[in-house]
Amino acid sequence: MSEKILSNKSNLNVLYEDNHIIIINKRVGDIVQGDKTGDKPLSDVVKDYIKDKYNKLGNVYLGTVHRLDRPTSGLVIFAKTSKVLPRLNKLFVSKNISKTYWAVVKNEPQKAEDTLINWLKKNPKNNKSYAYNKEVADSKKAILHYKAIKKLDNYFLLEINLETGRHHQIRSQLSTMGCPIKGDLKYGFDRSNKDAGIHLHAREIQFIHPVSKKTIHITAPLPKDSVWKACLA
Numbered sequence: 049m050s051e052k053i054l055s056n057k058s059n060l061n062v063l064y065e066d067n068h069i070i071i072i073n074k075r076v077g078d079i080v081q082g083d084k085t086g087d088k089p090l091s092d093v094v095k096d097y098i099k100d101k102y103n104k105l106g107n108v109y110l111g112t113v114h115r116l117d118r119p120t121s122g123l124v125i126f127a128k129t130s131k132v133l134p135r136l137n138k139l140f141v142s143k144n145i146s147k148t149y150w151a152v153v154k155n156e157p158q159k160a161e162d163t164l165i166n167w168l169k170k171n172p173k174n175n176k177s178y179a180y181n182k183e184v185a186d187s188k189k190a191i192l193h194y195k196a197i198k199k200l201d202n203y204f205l206l207e208i209n210l211e212t213g214r215h216h217q218i219r220s221q222l223s224t225m226g227c228p229i230k231g232d233l234k235y236g237f238d239r240s241n242k243d244a245g246i247h248l249h250a251r252e253i254q255f256i257h258p259v260s261k262k263t264i265h266i267t268a269p270l271p272k273d274s275v276w277k278a279c280l281a
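In this text, residue positions in the sequence shown follow the working numbering: the first is 49, and each later residue adds one.
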């Protein structure tokens with residue numbers, strides 16, 4: 049099978065699927081892999097979908113290539129074979145994959161377009177990353193590029209491209225520049241969203257398919273709420 053498909057089986061939004069990879073539009077609240085909560089992860093939901101769709105007997109292989117934070121939404125890639133997983137991992141490590149995020153933030157950035165460079169240090173006790181303007185012990189360099197693309201009634205829509213992939217990088221860096229993401233209490237927004245999520249969405253992804261060598265370019269539909277709707281108006 050090599051064609052694109054759309055599916056909402058078991059509330060699963062499949063944006064692309066072939067013999068090697070499957071790309072999901074993750075909902076707010078879904079966890080990509082299992083954690084201490086014991087909640088069923090998206091990886092298991094995708095395995096169930098594959099098993100049911102293709103009438104597979106026994107265990108289904110699925111490799112997790114990257115993750116999104118639980119309160120965020122958008123594109124997640126999984127490998128359907130053990131052969132393609134290291135190839136996809138290599139794409140991420142070598143930065144031969146383009147990922148674009150949309151974030152709705154509280155305040156207008158001082159610059160309409162800029163590159164943010166910080167050093168992030170993770171505190172495992174509160175699962176939070178702190179951004180510094182210079183290197184500190186156990187910190188990692190974090191680089192992102194942003195552009196303000198729309199002014200809403202009460203918020204601003206930013207388009208973000210990551211050069212590095214650090215823990216809570218977008219959330220921490222935007223908060224540090226005075227633009228916390230809507231709903232993100234952990235990083236300075238003043239109230240939560242009704243769905244306990246935040247307005248950060250993995251919007252687009254583009255890469256060369258590691259097997260077919262074709263260009264894969266996928267855009268993930270936004271969650272259905274009034275603020276995201278206003279972003280498209």
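Backbone N, C-alpha and C define an ideal beta-carbon position, used for all residues, glycine too.
Quiz prompt | Beta-carbon proximity of Thr148 to Glu211, cut-off 8 Å | solution = no
Next item on the list: Over the uninterrupted beta strand (DSSP E) stretch that includes Leu248, give me the two end residues.
Entry: 248-256
Helix, strand or coil for Asn56? Go by DSSP, reduced to three states. Low per-residue confidence applies at Asn56: pLDDT is 41, beneath 50, and the placement is therefore not dependable enough to give any value.
* Would you kindly work out how many angstroms separate the C-alpha atoms of Ile266 and Ile70, rounded to a whole number? => 11 Å
Fill in: Beta-carbon contacts of Leu200 that lie in its chain and below 6 Å, excluding the five residues immediately before and after
Ala278
Review point. Once you ignore the five residues that flank Ala187 on each side, which residues in its own chain have a CB closer than 7 Å to its CB?
Key: Here residue 187 is Ser; the residue named in the question, Ala, does not match the sequence. If we look at Ser187 and ignore the five residues flanking it on each side, its Cβ neighbours are Trp167, Leu168, Lys169, Tyr180.
What separation, rounded to the nearest whole angstrom, lies between the Cα atoms of His193 and Leu280? 21 Å
Practice prompt. Report yes if the C-beta distance between Phe255 and Ile145 is below 8 Å; otherwise report no.
Written response: yes
message = Taking only three categories from DSSP, how would you classify Ile79?
response = coil
Based on the DSSP output, what are the partners of Gly122 in its beta bridges?
Lys74, Ala250
7 Å CB neighbourhood of Phe237 in its chain, flanking five on each side removed
Residues Lys154, Pro228, Ile229, Lys230, Gly231 of the same chain have their beta carbon placed closer than 7 Å to that of Phe237, with the five preceding and five following residues left out of the count.
Requested in this report: Report yes if the C-beta distance between Lys287 and Lys173 is below 8 Å; otherwise report no.
Outcome: The question about residue 287 has no answer, for the chain in this structure spans 49 to 281.
- Let me know the secondary structure DSSP gives Ala268 once reduced to three states. coil
On a Cα-Cα basis, can you pick out the residue from Tyr109, Leu123, Lys143, Gly122 that is closest to Ser130?
Tyr109
In this structure, does DSSP put Ser50 in helix, strand or coil? Any reading at Ser50 is ruled out, since the residue's pLDDT is 29, under 50, leaving its predicted position unreliable.
- Check each candidate in Met225, Ser142, Asn137, Gly106 and name the one with the smallest Cα separation from Thr112. Asn137
Residues near Glu252 by beta carbon distance below 8 Å, same chain, minus five either side = Leu123, Ser146, Lys147, Thr148, His265, Ile266, Thr267, Ala268
Since Leu206 sits in a beta bridge, which residues does DSSP pair it with? Ala151, Ala196
- Message: Rounded to the nearest angstrom, what separates Lys52 and Tyr64 at their Cα positions?
- Response: Here Lys52 scores only 39 on pLDDT, less than 50, and its place in the model should not be relied on; the value that follows carries that caveat. Computed Cα separation, rounded: 5 Å.
(message) Would you say Pro228 lies against chain E (beta-carbon separation less than 8 Å)?
(response) Here there is only one protein chain, and chain E is not present.
Alpha carbon to alpha carbon, what distance is there between His68 and Met49? Because Met49 sits at a pLDDT of 28, beneath the cut-off of 50, its placement in the model cannot be relied upon, and the following sentence gives the value as read from the coordinates. Computed Cα separation, rounded: 9 Å.
Original post:
Relative to the alpha-carbon of Thr163, which residue among Leu222, Asn103, Ala244 has its alpha-carbon at the smallest distance?
Top reply: Nearest of Leu222, Asn103, Ala244 to Thr163, Cα basis: Leu222.
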